[in-house]
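Residue numbers (this note's numbering), protein chains in the order written: chain A, 1 to 194; chain B, 195 to 325.
To start, the structure under review is shown below, and the notes come after it.
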Amino acid sequence: MSMKNRMQQRFFTGFFVFCMLAVFAVHAQIKYIDKRGVIVFEASEKFFEEVKAKNKSVTTILDVIKNEIASLALIRGFRFKNPLMQEHFNENYIESDIYPKVIFRGKISDFDLNDLGSGAKKFTIKGVLEIREQKKSIEPVVQIQLINGVISLQGSFMVLPQDFDIQIPKIVENKIAKEVMVRFDFKLSANEDD
Amino acid sequence: MKMTKRHLFLGIFGLLIILIGCGYFYLNQSHRNIQKEEVKYTVTSSELAESFRRSGPKTDIADQVIQTKGRITALDEKSVTLDKKVEVLFLKKLPAGLKKGKEVTIKGRCVGYDDLLEVVKVDQALLIEQF
């Protein structure tokens, strides 16, 4: 190989590496990620045992340019106080062997990262919640604030079991609320990618 | 005659106690203790990721106690990522001495596959060995 060719090759390799780095740098800035988000859902009825579960390792990715957000929770990651209730939830209600996850994809209306401050602002997320391959449009209102580079996102919404084709047996009908309250709390940061 | 009646009564009473006991224990089971459960599958981090890619959600590995080995590619205060394919969440704090590049063997419960991060998640993990 001639000297010139070798120089050219080196230049192109260098240029390629530079481009890759540039892409990654931009990539890291536009995507905010949370790997330990919290989702709590509750369908308790007065005078009966609480029907409540918490998942502390929910994944959320927010694209702050397109304002698109995606959240994923594994069903097996929901923990109930009562292990028997947890077993029934997994095996009879959600059937987590067949449908192992819950996913939400949406867009935050009128959101601009540059307008965010430490004071909480309200936004609406329009999106689709998918459980057991059943899709349901929801529009939760969220409180968003930026604290030390971390985007905090909190909100709640209600869903019905029948929206996702979940049958509640007659025997426990009175013990489970008709509407399920879902609360979420995500802390997204830009530098999780390394 | 009187004797048999008393026996019958005692028998029914005993049975009732046993039934109530069974019911009580059934309703008040404790959560699984992954640390005490036996390992069902021993796989490398790549095999684990591959099993979800091949069979989708219907893999036999989900919710089972597994043991896996891999090199740490990322870590935070509670978890390590092995070979960029498996995210391991420890039951308590991160064990001492773990850092990037180290090879470890862990035992834990396989939770499932996270499509967003493209990793298999393992929780309630325990460090078995570090090299």
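Each residue gets a CB set at the ideal place from its N, CA and C atoms; glycine is no exception.
Query, Result
"Short-range partners of chain A found in the region 256-272 of chain B, where Cβ spacing is below 9 Å", "A256, D257, T267, A268, D270 and K272"
"Where the beta strand (DSSP E) through F104 (chain A) begins and ends", "K101 to I108"
"Minimum Cβ-Cβ distance from Q223 (chain B) to chain A less than 8 Å", "yes"
"Opposing strand residues paired with I61 (chain A) [DSSP bridges]", "A:I33 and A:A70"
"Nearest-angstrom Cβ-Cβ length linking V182 (chain A) and F41 (chain A), presumed shorter than 8 Å", "5 Å"
"Limits of the unbroken beta strand (DSSP E) element including Q261 (chain B)", "V259 to L269"
"Straight-line Cα distance separating R79 (chain A) from K263 (chain B)", "26 Å"
"is_contact[D34 (chain A), chain B] using C-beta, thresh 8 Å", "no"
"Rounded separation between V172 (chain A) and E50 (chain A) - CA only", "13 Å"
"9 Å Cβ cut-off: residues of chain B touching L188 (chain A)", "Correct list: empty, because the minimum Cβ distance to chain B is about 12 Å."
"Cα-Cα separation between L74 (chain A) and F325 (chain B), rounded to whole angstroms", "31 Å"
"Selection of the region 297-310 of chain B by Cβ proximity to chain A, strictly under 7 Å", "V305, G306, D308, D309 and L310"
"Own chain partners of A268 (chain B) with C-beta closer than 6 Å, once the 5 adjacent residues on each side are dropped", "T275"
"S273 (chain B) - containing beta strand (DSSP E), residue span", "S273 to L276"
"Rounded distance between the beta-carbons of L310 (chain B) and V280 (chain B), thought under 8 Å", "Rounded, the Cβ-Cβ distance is 15 Å, inconsistent with contact."
"Alpha-carbon to alpha-carbon, I206 (chain B) and K199 (chain B)", "11 Å"
"Extent of the continuous beta strand (DSSP E) run through A190 (chain A)", "From DSSP, A190 (chain A) is part of no beta strand (DSSP E); its letter is neither H nor E."
"For F157 (chain A), the first and last residue of its enclosing beta strand (DSSP E)", "V150 to V159"
"Chain B contact residues for I61 (chain A), given Cβ-Cβ distances below 9 Å", "L310 and L311"
"At least three beta-carbon pairs within less than 8 Å, the region 43-63 of chain A to the region 305-322 of chain B", "yes"
"Three CB pairs or more closer than 8 Å across the region 92-99 of chain A and the region 108-121 of chain A", "no"
"Cα-Cα separation, Y99 (chain A) to D63 (chain A)", "26 Å"
"Cβ neighbours of K294 (chain B) in the same chain (closer than 8 Å, five flanking residues each side left out)", "I266, T267, A268 and L269"
"Range covered by the alpha helix (DSSP H) that runs through L242 (chain B)", "S239 to S249"
"Residues, ordered as in the chain, of the region 274-298 of chain B that lie near chain C by beta-carbon distance below 7 Å", "No chain C is present in this structure, whose protein chains are A and B."
"Through-space distance from I166 (chain A) to G208 (chain B), alpha-carbon basis", "40 Å"
"Neighbour flag for K315 (chain B) against chain A, beta carbons, 8 Å", "yes"
"Where V17 (chain A) sits in the DSSP three-state scheme", "helix"
"Burial state of Q261 (chain B) (16 or more Cβ within 10 Å)", "buried"
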